[in-house]
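Step one of this worksheet: look at the structure below.
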Amino acid sequence: WLLIPILTLVLGITLGVLVIVWLEREISAGIQQRIGPEYAGPLGVLQALADGTKLLFKENLFPSRGDTRLFSIGPS
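Each residue of the sequence shown is one higher than the last, beginning at -17 in this note's numbering.
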């Protein structure tokens, strides 16, 4: 029975983060007077899923010459 409150808390936090990210995108789009990510599903709610999918399938490229450790800690 201990698992139910833990899963409820995790689900609530996850949904809260999704709503906050969506609101942040919509508010920043309004401030910057741009359309925003509204083309990926109704009201742009699938944009986070599209961004996550893109991040999962992103190919990490490393240079054949040079310091690969230094390259890996840099921004991508």
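Glycine is no exception: its CB is placed at the ideal position from the N, C-alpha and C atoms.
Annotation for Leu31: the continuous alpha helix (DSSP H) segment containing it runs 29 to 38. Judged by DSSP in its simplified three-state form, Pro(-13) adopts helix. Assigned with DSSP and collapsed to three states, Leu43 falls in coil, not helix or strand.
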